[in-house]
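The listed protein sequences derive, respectively, from chains E and C.
Here the first sequence is numbered in the numbering used here, starting from 197 and rising by one per residue.
Here the second sequence is numbered in the numbering used here, starting from 197 and rising by one per residue.
Glycine residues also receive a C-beta, built at the ideal position from the N, C-alpha and C atoms.
Just so it is clear, the structure is predicted and the values come from calculations on it, not from any experiment.
The structure appears right after this line, and notes come after that.
2 protein chains.
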Amino acid sequence: MAARAEVSQATAARALGGYGYVGAASRRAVLDAAQELGYRPNNVARALVSGSTRTIGLVVGDIENPFFAAAARGLADVVEEEGYTLLLANSDEDLERERRAIDVLRTQLVDGLVVAPVSGNDGDHLRVLESDNRPLVLMDRAIRGLQVDAVMVDNAGGARTAIEHLLKFGHDRIGVVSDADEISSTAERLRGYRKALRDAGIEPDPGLVSVGPSTRAGGYDAARVLLERPDRPRALFTLNNFMTAGAVRAIRDFGLRIPDDVALVAFDELEWTTLVDPPITVVAQPVAELGRAVGARLLARLRGDDSTPKRTRLRTELIVRSSCGPGG
Amino acid sequence: MAARAEVSQATAARALGGYGYVGAASRRAVLDAAQELGYRPNNVARALVSGSTRTIGLVVGDIENPFFAAAARGLADVVEEEGYTLLLANSDEDLERERRAIDVLRTQLVDGLVVAPVSGNDGDHLRVLESDNRPLVLMDRAIRGLQVDAVMVDNAGGARTAIEHLLKFGHDRIGVVSDADEISSTAERLRGYRKALRDAGIEPDPGLVSVGPSTRAGGYDAARVLLERPDRPRALFTLNNFMTAGAVRAIRDFGLRIPDDVALVAFDELEWTTLVDPPITVVAQPVAELGRAVGARLLARLRGDDSTPKRTRLRTELIVRSSCGPGG
DNA sequence: GTGAAAGCGCTAACAC
DNA sequence: GTGTTAGCGCTTTCAC
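In structure tokens form, the structure reads like this:
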């Protein structure tokens with residue numbers, strides 16, 4: 197090791213690692229020598245003995261989704277500040293792939309794990325992590341019966357305000373373009389949707405909820421099913437960003453006009469929703485903050501916080517534009 | 197270790213690691229015991245001795261940028277198939293942060309590194325990597341004088357076809373909304389732009405190239421500068437996706453109409469470019485394929501390929517829509 | 001304040 | 001085929 201150039205190994209390690217007692221003189225000597233020899237500490241060796249890899253594992257449905265990308269960015273910003281690096285894995289919204297991803301990450305001995313779980317019901321593979329004694333925080337999605345930190349968004353509330361907005365325009369038959377309600381955030385949004393209807397004295401019609409995969413194509417197809425109905429709903433509520441794009445495309449392809457033929461409110465704000473004509477009324481989520489809050493929670497745990505698990509809800513905001521009718 | 201439950205340590209390691217000779221009987225025994233005890237191999241220890249961490253480092257300007265996100269996805273898909281995990285870092289398009297990110301990744305002993313370098317000129321921090329003897333592949337952007345694998349897009353060609361398209365509509369004064377030409381891909385696009393003009397007998401006017409940071413706001417401001425000119429150009433060419441969004445916003449805010457008041461061609465295809473009115477003519481890049489090609493190159497190196505560095509160019513495609521005038 | 005030595009959990013020779 | 005043994009490059013007692 198570089199240290200030998202000057203003093204002993206332990207001393208060098210202490211100087212480099214910045215722990216224990218080192219004389220000012222030896223410290224200088226070591227640091228200089230390290231500089232000269234271009235010494236890089238070997239984090240793998242360090243991790244083996246210290247038990248910490250300074251990495252955080254992140255498992256999301258698809259990093260290509262702007263929602264996850266922005267959250268990942270927020271998370272990275274926060275944890276990198278403390279010297280952690282993000283290990284990334286895509287689950288592709290598939291439970292089996294999620295399991296494998298978590299397994300690989302565990303094997304890499306990440307110091308902490310962030311997961312946006314595919315399923316709100318099936319959490320056994322996450323329950324196992326408890327024995328690892330490494331912090332886990334759930335991002336955007338919860339798992340029934342799993343008592344761990346989770347930072348989410350007020351999905352039910354966001355959906356409710358969206359529906360109430362549509363209600364104001366006299367829509368009582370509102371179609372929903374949804375992905376699988378196994379995803380906990382989706383389930384919550386659907387719950388908010390039904391609640392808002394019932395509160396208005398309307399019994400939700402299950403036939404108006406059209407389900408597809410969380411992709412553009414999924415949104416297109418799910419919207420198509422709704423638009424093809426003889427009693428086509430005059431209002432649509434889309435539950436996530438990719439599907440919104442697909443739904444807008446479908447509406448166009450049917451030669452329908454927003455908002456005259458069909459009103460639209462979308463969950464999740466994206467750049468382009470302001471660029472299209474008409475600009476779309478959306479339920480905006482604080483995405484970057486979601487990532488940052490998750491990071492903060494994780495860092496707290498990493499620092500030894502062992503309070504009982506916290507579930508945090510971030511507020512959403514209805515941004516009224518022009519996709520529902522005159523004046524909104 | 198779990199193994200003791202049955203046989204010796206070395207044998208267990210062999211069975212678990214799948215290397216060396218192991219009798220069928222002992223293999224079974226070991227595997228069963230491992231199963232029972234919920235044994236997880238410790239990749240850190242394994243890495244320390246084997247010299248391989250099964251991780252790939254990725255440094256991009258901003259994972260939130262759909263371009264990088266899609267490329268990252270393609271890369272992840274390819275390398276995960278071979279059991280590698282992506283270690284992610286953002287450089288924020290800042291050279292100093294890029295240096296630090298690379299340093300951290302080296303320290304984590306990634307088996308290979310993928311970088312979309314901020315600067316096409318300053319590559320000393322990457323040159324150092326040669327001594328690491330770990331493969332490095334450049335993604336989307338090259339560095340002058342650095343002989344390493346690189347997978348890029350035909351930026352000059354793409355820009356040329358874009359400009360030729362605009363030329364066909366009679367535009368001879370084409371404004372460019374650009375980010376820093378230190379970014380090699382940007383420099384190439386600008387080169388293609390100038391070449392196309394000169395080939396048409398037009399001397400490029402440097403005043404028509406407006407530069408800003410690679411963000412929506414940067415695009416907005418850069419476009420504004422152009423649109424405020426008394427001799428406002430009647431055509432705009434935007435060099436990347438975020439800036440395109442900003443430019444479109446600026447055009448709208450100026451009360452200008454596409455394509456009547458200003459024609460537009462954008463580099464990089466995004467979902468929303470087909471959703472706005474009019475849909476925008478773009479130079480599409482094979483982004484996912486870019487990531488996959490980078491992954492393939494890296495895996496080849498990891499497998500021992502030591503041929504001379506390859507520079508690959510992926511083809512772009514002009515997708516004509518309606519942002520330049522009647523019929524395109 | 002500094003050095004010697006043990007050991008983190010594995011792999012890789014090398015004997016048997 | 002299987003066991004023994006020696007490290008990988010660090011951190012960490014524990015003497016001095």
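Whole-angstrom distance between residue j and residue i, CA atom to CA atom
i, j, result
"E:Asp473", "E:Leu486", "29 Å"
"E:Phe463", "C:Leu498", "43 Å"
"E:Arg445", "E:Val458", "13 Å"
"E:Arg224", "C:Ala297", "26 Å"
"E:Leu466", "C:Asn286", "21 Å"
"C:Gly279", "E:Arg412", "29 Å"
"E:Phe450", "C:Ala441", "26 Å"
"C:Leu291", "C:Ala496", "28 Å"
"E:Ser381", "E:Asp501", "27 Å"
"C:Val245", "E:Gln304", "15 Å"
"E:Val167", "C:Pro262", "The structure shown has nothing for residue 167 of chain E, since chain E only spans 197 to 524."
"E:Tyr144", "C:Ala208", "Here chain E has residues from 197 to 524 only, and residue 144 of chain E is not among them."
"C:Ala363", "C:Thr357", "Rather than Ala, the amino acid found at residue 363 of chain C in this sequence is Leu. Near 10 Å, if we compare the C-alpha coordinates of C:Thr357 and C:Leu363."
"E:Leu227", "C:Asn239", "30 Å"
"E:Asn329", "C:Glu424", "60 Å"
Chain-ordered neighbours of residue i on chain C, where CB pairs are closer than 7 Å
i, result
"E:Leu305", "Asn238, Asn239 and Val240"
"E:Ala265", "Ile259, Glu260 and Ala265"
Chain-ordered chain E contacts of residue i [CB-CB under 9 Å]
i, result
"C:Val472", "Trp468, Leu471, Val472 and Asp473"
"C:Ala272", "Ile259, Leu284, Ala285 and Asn286"
"C:Leu244", "Asn238, Val240, Ala241, Ala243 and Leu244"
For residue i: DSSP bridge partner residues
i, result
"E:Thr281", "E:Thr251"
"C:Thr434", "C:Val373 and C:Ala462"
"C:Leu439", "Here residue 439 of chain C is Met; the residue named in the question, Leu, does not match the sequence. Partner(s): none; C:Met439 has no beta bridge."
"E:Val314", "Per DSSP, none; premise fails for E:Val314."
"C:Glu232", "Bridge partners of C:Glu232: none, in fact."
"E:Arg509", "E:Met348"
"E:Ile515", "E:Val478"
"C:Ser204", "Looking at the DSSP assignment, C:Ser204 forms no beta bridge with any residue, so it has no partner."
"E:Asn329", "In DSSP, E:Asn329 forms no bridge with anything."
"E:Ser406", "E:Val373"
"C:Gly308", "C:Ile252"
"C:Asn286", "C:Val256"
"C:Leu334", "C:Val311 and C:Ala346"
Cut-off 6 Å between Cβ atoms - residues of its own chain near residue i, not counting five sequence neighbours on either side
i, result
"C:Ala355", "Arg385, Gly388 and Tyr389"
"C:Gly270", "Ala484, Gly487 and Arg488"
"C:Val314", "Ser287, Glu289, Leu291 and Glu294"
"C:Asp417", "Gly408"
"E:Pro505", "Gln343, Val344 and Asp345"
"C:Ile339", "Pro313, Gly316 and Gly319"
"C:Arg210", "Gly216 and Val218"
"E:Val275", "Ile252 and Gly491"
"C:Pro482", "Leu510"
Beta-carbon neighbours of residue i, restricted to chain E and to distances below 7 Å
i, result
"C:Pro262", "Pro262"
"C:Ala268", "Ile259"
Contact set for residue i: own chain, Cβ-Cβ below 8 Å, skip 5 residues either direction
i, result
"C:His361", "Val461, Thr477, Leu514, Val516, Cys520 and Gly524"
"C:Ala268", "Leu254, Val256, Ile259, Leu282, Leu284 and Gly487"
Neighbourhood of residue i by C-beta distance below 7 Å, restricted to the same chain and skipping five residues each side
i, result
"C:Asp415", "The displayed chain sequence assigns Gly, not Asp, to residue 415 of chain C. Counting only Cβ-Cβ distances below 7 Å, and skipping sequence neighbours, we find Val373, Gly408, Thr434, Phe438, Met439, Thr440, Ala441, Gly442 and Ala443."
"C:Arg293", "Ser287"
"C:Gly353", "Gly388 and Thr512"
"C:Pro429", "Arg369, Ile370, Gly371, Leu404 and Leu422"
"E:Leu212", "Val226, Ala230 and Pro237"
Amino acids of chain C, ordered along the chain, whose beta-carbon sits closer than 8 Å to that of residue i
i, result
"E:Thr281", "Leu283, Leu284, Ala285, Val300, Leu301 and Gln304"
"E:Thr249", "Val240 and Gln304"
"E:Val444", "Leu471"
Residue from the options whose Cα sits closest to the Cα of residue i
i, options, result
"C:Gly491", "C:Gly216, C:Ile252, C:Ile370 and C:Thr207", "C:Ile252"
"C:Asn436", "C:Pro402, C:Asp401 and C:Asp336", "C:Asp336"
"C:Ala376", "C:Gln205, C:Gly316 and C:Glu277", "C:Gly316"
"E:Leu332", "E:Val324, E:Arg340 and E:Val344", "E:Val344"
"C:Pro402", "C:Val347, C:Ala312, C:Ala211 and C:Ile370", "C:Ile370"
"E:Ala392", "E:Glu232, E:Asp368, E:Gly234 and E:Asn239", "E:Asp368"
"C:Ala419", "C:Glu399, C:Ile398 and C:Arg448", "C:Arg448"
"C:Arg527", "C:Arg302, C:Ile359 and C:Asp427", "Residue 527 of chain C lies beyond the stretch modelled for chain C, which goes from 197 to 524, so this question has no answer here."
"C:Leu254", "C:Asp328, C:Ala206, C:Glu424 and C:Gly308", "C:Gly308"
"E:His321", "E:Gly341, E:Asp299 and E:Leu334", "E:Asp299"
Residues that residue i contacts on chain E, provided the C-beta gap is smaller than 8 Å
i, result
"C:Ala441", "Glu467, Trp468 and Leu471"
"C:Arg412", "Glu467"
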